[in-house]
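Novice: Below is one structure. I have some questions about it.
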Amino acid sequence: MSAIKSRPIYPGLKVDERAKRHLVAAEGEGALAVLEAFADAPDAWSRMTLLYTPGGSAPANHSETLQGRAPDAFHLHPTRQTLMTRLNALLDTATMGTRLYAAGVEGHIGEVVAAGLAHGVDHLSIRTEHRGSLARRVQCVHCKGFIDDVTISPVPCAHCGVPLFVRDHYSRRLAAFQGVSINAETPDEVPASEELYK
Amino acid sequence: MSGGVEIPVRVVDVEQATQTVKRFRLAALSGEPLPSFSAGAHVVVTMDDNGRRMRNPYSLIDRADDGSTYRIGVLRTPNSRGGSKFMHERVNAGDQLVVTMPVNLFPIVRTGRKHLLVAGGIGITPIYAMANELRRRSASYEIHYAMRNEASGAFIDELRAAHGDRLKLYRDDMQEFVSVSQILPNQPLGTHLYVCGPEGMIDAILKGGRDAGWADENLHSERFLAPAGGEPFSVVLQRAGITAEVRSDQSLLEAIEEAGVDAPFLCRGGACGQCETAVVSCDGKLVHNDHFLTEEEHASGKKIMTCVSRLKGRELVLDL
Chain G
23 MSAIKSRPIY PGLKVDERAK RHLVAAEGEG ALAVLEAFAD APDAWSRMTL
73 LYTPGGSAPA NHSETLQGRA PDAFHLHPTR QTLMTRLNAL LDTATMGTRL
123 YAAGVEGHIG EVVAAGLAHG VDHLSIRTEH RGSLARRVQC VHCKGFIDDV
173 TISPVPCAHC GVPLFVRDHY SRRLAAFQGV SINAETPDEV PASEELYK
Chain V
775 MSGGVEIPVR VVDVEQATQT VKRFRLAALS GEPLPSFSAG AHVVVTMDDN
825 GRRMRNPYSL IDRADDGSTY RIGVLRTPNS RGGSKFMHER VNAGDQLVVT
875 MPVNLFPIVR TGRKHLLVAG GIGITPIYAM ANELRRRSAS YEIHYAMRNE
925 ASGAFIDELR AAHGDRLKLY RDDMQEFVSV SQILPNQPLG THLYVCGPEG
975 MIDAILKGGR DAGWADENLH SERFLAPAGG EPFSVVLQRA GITAEVRSDQ
1025 SLLEAIEEAG VDAPFLCRGG ACGQCETAVV SCDGKLVHND HFLTEEEHAS
1075 GKKIMTCVSR LKGRELVLDL
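Read top to bottom, the protein sequences are chains G and V.
Residue numbers for the first sequence follow the working numbering, so the first one is 23 and each next one is one higher.
Residue numbers for the second sequence follow the working numbering, so the first one is 775 and each next one is one higher.
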């Protein structure tokens, strides 16, 4: 547990049997979380719209397994970006009774939750489960640029080059952790990077 | 004062809105503007009936544009312990009352994309304020207002003028009822529902919402309970070393205050949780009437909300 309150907690996917529509956005190993959570709810698959991007799990071919469970609609996406485009279009026209689920790496969950928030969905009603890498999406607080798949700290900002200490401090709106200059007072010293978020 | 800052006010106008509802316009005694509040807020009004103090929460209807006055609406309840009866029979223009600072336990969720406001009877008072705020913000909203008959609808004309066809009325005498199967389907994702009214109506609407797959985070209600009277009993305030009697027409909190102890409170209607008090022991059965503690907490017998709950038995020992 982090001492920083904004550090998100992902309680795990839990099927809401009362939902009229299950809108599920899964990335990579998040497919396994979906299969496990919905294993005990066979009826739910017929009310499911499932969006999946394999990410680093492409060789495992989870997409065939998911499709084999016959969700009402299945959309396979090459990247997280294209998945988010479709998810936002679906959220635009979704009605109440729709429950949103996100599973996969933190960056993916964060983007799904942020999209939900932008559509008026309370973050507490979004079911989330973290699977796969601990890599973080980081915003540089100095130049405001985003860096994806960060596994080390400090990490050089991909935009302005400042070495950033990656904090647990999280913005739900930006779906990113905060990166702060690690050597503002001693610019000559750059501590060695450690791999913290593999 | 445990309830926070209090504001002495003068009643500037009393209006008989319906046979059973009066509207009171209140101005600060100091002549200064009253604090602004967010829609859904209430104040606790202190009434002094020949030395007997009563405090009731009332939702704020509105605040004059220049901040000079608040309006509250008071329903005369048949089994009133005295509060609403006092307001109806004894309070006239020119009289003084004391109100607390506004407190909001029923706020609008500002990230919502649409808002369904559902009111039954006097439950219209917070809904009235919320509808006005949503209109000012050009937000998307609907008002569903249920009443016995048109004559008992306390705010129909004002609401109709302000909200036009966003207002839908349901009259019991015309066999019209707010039906969840009509108002809930096809609402856009991000819709929030707010309901205030009789207990049965609130329960039915909330259940309908959950059954329709709405998340709990999107369902909001407010119910102020009048503290039910009951059998008299003794209360021992262990830390203060005081024993007091709770009369049958008195709430536990009122008896504690009468004994001279400044106990915590805020809403005085079982909703906010401020008056939660530890029970040391009790000889009898706790009668929990609040909406704040969980069922497990009620069953544990370790806590009580002094504003609306009491003891059926001989003696209650509190950590106060």
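A virtual CB, placed ideally from N, CA and C, is assigned to each residue, including glycine.
Are three or more beta carbon pairs between the segment 896-916 of chain V and the segment 944-954 of chain V nearer than 8 angstroms?
Specialist: no
Novice: Give the interface partners of residue 960/V over in chain G, defined as CB-CB distance under 9 angstroms, in chain order.
Specialist: Translated into positions along the second sequence, residue 960/V becomes position 186. Ordered by position in chain G, the residues that pass the 9 angstroms Cβ test against residue 960/V are 117 and 118.
Novice: Shortest alpha-carbon distance to residue 821/V belongs to which of 856/V, 957/V, 842/V and 1026/V?
Specialist: Taking the first residue of the second sequence as 1, we reach residue 821/V at position 47. Of the listed residues, the one whose Cα sits closest to residue 821/V is 856/V.
Novice: I need the straight-line Cα distance from residue 61/G to residue 919/V, nearest angstrom please.
Specialist: Taking the first residue of the first sequence as 1, we reach residue 61/G at position 39. Taking the first residue of the second sequence as 1, we reach residue 919/V at position 145. Whole-angstrom Cα-Cα distance: 43 angstroms.
Novice: The beta strand (DSSP E) that contains residue 152/G, what's its start and end?
Specialist: What you label residue 152/G is simply residue 130 of the first sequence in a count that begins at 1. Its beta strand (DSSP E) spans residues 149-152.
Novice: What are the boundary residues of the beta strand (DSSP E) that includes residue 870/V?
Specialist: What you label residue 870/V is simply residue 96 of the second sequence in a count that begins at 1. That run of the beta strand (DSSP E) goes 870-874.
Novice: To be precise: take each residue of the segment 132-153 of chain G, compare its Cβ to all Cβ atoms of chain V, and keep it if any distance is under 8 angstroms. Which residues remain?
Specialist: 139, 141, 142, 143, 144, 146 and 147
Novice: Can you name the start and end residues of the beta strand (DSSP E) that residue 31/G belongs to?
Specialist: If you number the first sequence from 1, residue 31/G lands on position 9. Secondary structure note for residue 31/G: it is in no beta strand (DSSP E), with a DSSP letter that is neither H nor E.
Novice: Closer than 9 angstroms between beta carbons: that is the criterion. Which residues of the segment 172-200 of chain G meet it against chain V?
Specialist: none
Novice: If you follow the alpha helix (DSSP H) that residue 106/G is in, where does it begin and where does it stop?
Specialist: Position 84 of the first sequence, counted from the first residue, corresponds to residue 106/G. Here the alpha helix (DSSP H) through residue 106/G covers 102-115.
Novice: Under 9 angstroms, Cβ to Cβ, is there at least one residue of chain G near residue 986/V?
Specialist: Translated into positions along the second sequence, residue 986/V becomes position 212. Interface residue (Cβ-Cβ distance to chain G less than 9 angstroms): residue 986/V is classified as such.
Novice: Let me make sure I understand the geometry here. Which of 788/V, 1051/V and 782/V has the alpha-carbon closest to that of residue 804/V?
Specialist: Position 30 of the second sequence, counting from 1, holds the residue named residue 804/V. Checked all of 788/V, 1051/V and 782/V; the closest Cα to residue 804/V is 782/V.
Novice: Would the C-beta of residue 1033/V count as close to the ligand SAM, meaning under 8 angstroms from any of its heavy atoms?
Specialist: Ligands are entirely absent from the displayed structure, and the ligand SAM is therefore not among its contents.
Novice: Give the secondary structure of residue 47/G by DSSP, where H, G and I count as helix, E and B as strand, and everything else as coil.
Specialist: Against the first sequence, residue 47/G aligns to sequence position 25. Looking at residue 47/G - three-state DSSP - the assignment turns out to be strand.
Novice: Quick one: measure Cβ to Cβ for residue 786/V and residue 875/V, integer angstroms, because I've assumed they're closer than 8 angstroms.
Specialist: As a position in the second sequence, residue 786/V is number 12, starting the count at 1. As a position in the second sequence, residue 875/V is number 101, starting the count at 1. Taking the Cβ atoms as the reference, residue 786/V lies roughly 20 angstroms from residue 875/V, outside the contact range of under 8 angstroms.
Novice: What beta strand (DSSP E) runs, 3 residues minimum, are completely inside the segment 864-947 of chain V?
Specialist: 870-874, 888-894, 915-921 and 941-945
Novice: Going by Cα to Cα distance, which pick from 112/G, 158/G, 149/G and 201/G is closest to residue 164/G?
Specialist: In the first sequence, residue 164/G corresponds to position 142, counting from 1. That would be 201/G, whose Cα lies nearest to the Cα of residue 164/G.
Novice: In whole angstroms, give me the CA-to-CA distance for residue 952/V and residue 1020/V.
Specialist: The residue labelled residue 952/V in the question sits at position 178 within the second sequence. The residue labelled residue 1020/V in the question sits at position 246 within the second sequence. If I take the Cα positions, the gap works out to 40 angstroms.
Novice: Could you check whether residue 93/G and residue 75/G sit closer than 9 angstroms to each other, using their CB atoms as the reference points?
Specialist: Here residue 75/G refers to the residue found at position 53 of the first sequence. Here residue 93/G refers to the residue found at position 71 of the first sequence. No.
Novice: What does the alpha-carbon distance come out to for the pair residue 1088/V and residue 1060/V?
Specialist: Here the question's residue 1088/V lines up with position 314 in the second sequence. Here the question's residue 1060/V lines up with position 286 in the second sequence. Straight-line Cα distance between these residues: approximately 11 angstroms.
Novice: Indicate the three-state DSSP secondary structure (helix, strand or coil) for residue 1055/V in the structure shown.
Specialist: As a first step, residue 1055/V must be located in the second sequence, where it is residue number 281. Looking at residue 1055/V - three-state DSSP - the assignment turns out to be strand.
Novice: Would residue 38/G count as contacting chain V if we go by Cβ distances under 9 angstroms?
Specialist: To locate residue 38/G, count along the first sequence from 1; it is residue 16. At least one chain V Cβ lies under 9 angstroms of residue 38/G.
Novice: According to the Cβ coordinates, are residue 985/V and residue 69/G closer than 9 angstroms?
Specialist: In the second sequence, residue 985/V corresponds to position 211, counting from 1. In the first sequence, residue 69/G corresponds to position 47, counting from 1. Against a cut-off of 9 angstroms, the Cβ pair of residue 69/G and residue 985/V comes out as no contact.
Novice: Please report whether the beta-carbon of residue 932/V lies at a distance below 9 angstroms from any beta-carbon of chain G.
Specialist: Counting from one through the second sequence, the residue named residue 932/V turns up at place 158. By this cut-off, residue 932/V is not an interface position.
Novice: Restricting to Cα atoms, I'd like to know which of 209/G, 187/G and 205/G is closest to residue 216/G.
Specialist: The count along the first sequence starts at 1 and reaches residue 216/G at position 194. Out of 209/G, 187/G and 205/G, 187/G has the C-alpha closest to the C-alpha of residue 216/G.
Novice: Which residues of chain G have a Cβ atom closer than 8 angstroms to the Cβ of residue 991/V, listed in chain order?
Specialist: Looking up residue 991/V in the second sequence gives position 217. The answer, in chain order, is 144, 146 and 147.
Novice: Quick check: is the beta carbon of residue 887/V nearer than 9 angstroms to any beta carbon in chain G?
Specialist: In the second sequence, residue 887/V corresponds to position 113, counting from 1. Interface residue, yes.
Novice: Give the DSSP-derived three-state secondary structure of residue 860/V in the structure shown.
Specialist: Taking the first residue of the second sequence as 1, we reach residue 860/V at position 86. Of the three classes helix, strand and coil, the one that applies to residue 860/V here is helix, per DSSP.
Novice: Thinking residue 160/G and residue 185/G are a contact (beta carbons under 8 angstroms), I'd like their distance in whole angstroms, please.
Specialist: Residue mapping note: residue 160/G aligns to position 138 of the first sequence, counting from 1. Residue mapping note: residue 185/G aligns to position 163 of the first sequence, counting from 1. Incorrect: roughly 12 angstroms between the Cβ atoms, too far for contact.
Novice: Just list the alpha helix (DSSP H) runs in the segment 953-1027 of chain V, keeping only unbroken ones of 4 residues or longer that don't cross its boundaries, in chain order.
Specialist: Runs of the alpha helix (DSSP H) inside the segment 953-1027 of chain V: 954-957 and 973-985.
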